[in-house]
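Reading through the structure tokens given below for one structure.
Numbering (this note's numbering), first residue to last: 1295 to 1481.
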């Protein structure tokens, strides 16, 4: 395995690990005036021959949970022509196309409706299984966390206070934390 020496500055004094990390913000942005294909290929900042770009985009869309047929079907569509769940999966694909070693998802379910949330949950789990890389999920959605995470780090006051298995950590939540998060920890 390749380790990154974090004690040395990277190019232009940027973090050395930056190239290994993919981040999907809660409020992700797709360029509304660009097709899905352009949104994906622009994300990696390289010019590819169209056929190669299409192939890489389809492979990545499949990692994000689209079927082969659906992946081909949406390449020439604009974000406004996609459902909310499809846009979220394309945004996830935008992160995955860079082939990060570590994927960070910031509140990936945000304010989604229940159907979109299930769709996105499946796409994240599929991508994680396909890539066999580490996904870090920052979330207040305990139901989502219970369904998708195998380990948790619980933070209180900006500090990690517990790390462990999902059930173990969720069981340790206070009643107030459960109330704030809107969900009870699993029984």
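C-beta: ideal position from N, C-alpha, C; glycine also.
query: So what's residue 1428 in DSSP terms, helix, strand or just coil?
result: On the chain shown, position 134 is the one that residue 1428 refers to. Note: residue 1428 maps to strand in three-state DSSP.
query: Is residue 1369 closer than 9 Å to residue 1403 when the C-beta atoms are compared?
result: On the chain shown, position 109 is the one that residue 1403 refers to. On the chain shown, position 75 is the one that residue 1369 refers to. Cβ atoms of residue 1403 and residue 1369: not closer than 9 Å.
- prompt: Are the beta-carbon atoms of residue 1324 and residue 1351 separated by less than 9 Å?
  reply: Counted from its first residue, the chain shown places residue 1324 at position 30. Counted from its first residue, the chain shown places residue 1351 at position 57. Not closer than 9 Å, so no.
- request: Check each candidate in 1461, 1392 and 1401 and name the one with the smallest Cα separation from residue 1435.
  value: For this step, residue 1435 is matched to residue 141 along the chain shown. It is 1401.
message: Here's a check: name, in chain order, each residue in its chain whose Cβ is nearer than 7 Å to the Cβ of residue 1381, leaving out the five neighbours to either side.
response: The sequence position of residue 1381 within the chain shown is 87, counting from 1. Result list for residue 1381: 1324 and 1373, in chain order.
query: Rounded C-beta distance between residue 1437 and residue 1410? I'm assuming under 8 Å.
result: On the chain shown, residue 1437 is found 143 positions in, with the first residue counted as 1. On the chain shown, residue 1410 is found 116 positions in, with the first residue counted as 1. Wrong, their Cβ atoms sit about 14 Å apart, outside the cutoff.
message: Tell me the rounded alpha-carbon separation between residue 1478 and residue 1339.
response: Start at 1 with the first residue of the chain shown, and residue 1478 comes out as number 184. Start at 1 with the first residue of the chain shown, and residue 1339 comes out as number 45. In this prediction, residue 1478 has a pLDDT of 40, which is less than 50 and means its spatial position is unreliable; nothing more can be read from the coordinates.
task: Could you tell me which of 1386, 1298 and 1361 sits nearest to residue 1321, measuring between CA atoms?
output: Along the chain shown, read from residue 1 onward, the residue named residue 1321 stands at position 27. With distances taken between Cα atoms, residue 1321 lies closest to 1386.
message: Within the continuous alpha helix (DSSP H) that includes residue 1467, where are the two ends?
response: Along the chain shown, read from residue 1 onward, the residue named residue 1467 stands at position 173. Segment: none, residue 1467 is in no alpha helix (DSSP H) and carries neither H nor E.
- prompt: Going along the chain, which residues of its own chain have a beta-carbon closer than 7 Å to the beta-carbon of residue 1311, five neighbours each way excluded?
  reply: On the chain shown, position 17 is the one that residue 1311 refers to. Contacts found: 1298 and 1300.
message: If we require 4 or more residues per run, which alpha helix (DSSP H) segments fall completely within the segment 1362–1395?
response: 1362–1368 and 1378–1390
field: Check whether residue 1333 and residue 1384 have beta carbons under 9 Å apart
entry: Mapped onto the chain shown, residue 1333 falls at position 39. Mapped onto the chain shown, residue 1384 falls at position 90. Contact flag set, yes.
query: Hey, out of 1390, 1433 and 1305, whose CA is closest to residue 1425's CA?
result: Against the chain shown, residue 1425 aligns to sequence position 131. For the residues 1390, 1433 and 1305, the minimum Cα distance to residue 1425 belongs to 1390.
message: Rounded to whole angstroms, what is the Cα-Cα separation between residue 1346 and residue 1361?
response: Residue 1346 sits at position 52 when you count from the first residue of the chain shown. Residue 1361 sits at position 67 when you count from the first residue of the chain shown. Going from the Cα of residue 1346 to the Cα of residue 1361 covers about 19 Å.
query: Secondary structure at residue 1316, three-state DSSP: helix, strand or coil?
result: The sequence position of residue 1316 within the chain shown is 22, counting from 1. Residue state for residue 1316 is assigned as strand, using DSSP reduced to three classes.
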